[in-house]
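Residue numbers (the working numbering): 2 to 121. A virtual CB, placed ideally from N, CA and C, is assigned to each residue, including glycine. Note that the structure is a prediction, hence the values are computed from the model and not measured.
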């Protein structure tokens, strides 16, 4: 899920507003991403160490903000909590990148379980 998708889906069921939200958000993200990347390249040494600012948690917080409105069913909220817990726990013990893959596997197993449960 990205910003454009989140804004688009939040406009359901109005298809015109979904398209408008998708495109406006996508264009804004593109423009500001590139402008701020250039600013970071030019001014990065002035900012200092990003870890001192706590920016390492910003990506996780932003992602949570994007998916939170979609977690209306309790089972999806449970899946999100279990996934976050799994990724956090595994990140202390295995190399970077693997916690995300294993957490995705947890989500796929949940999805397969739901399909099998509905088929019965």
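Tell me where the alpha helix (DSSP H) around residue i begins and ends.
i	result
residue 84	75-92
residue 100	99-120
residue 69	Per DSSP, residue 69 belongs to no alpha helix (DSSP H) and is neither H nor E.
Between the C-alpha atoms of residue i and residue j, what's the straight-line distance to the nearest angstrom?
i	j	result
residue 3	residue 17	19 Å
residue 62	residue 20	25 Å
residue 117	residue 108	14 Å
residue 88	residue 53	23 Å
residue 64	residue 30	15 Å
residue 36	residue 26	15 Å
With 16 as the cutoff for other CB atoms within 10 Å, does residue i come out buried or exposed?
i	result
residue 104	buried
Tell me which same chain residues have a C-beta within less than 8 Å of the C-beta of residue i, skipping the five on either side of it?
i	result
residue 77	71
residue 23	5, 6, 8, 9
Which of helix, strand or coil does DSSP assign to residue i?
i	result
residue 95	coil
residue 9	helix
residue 53	helix
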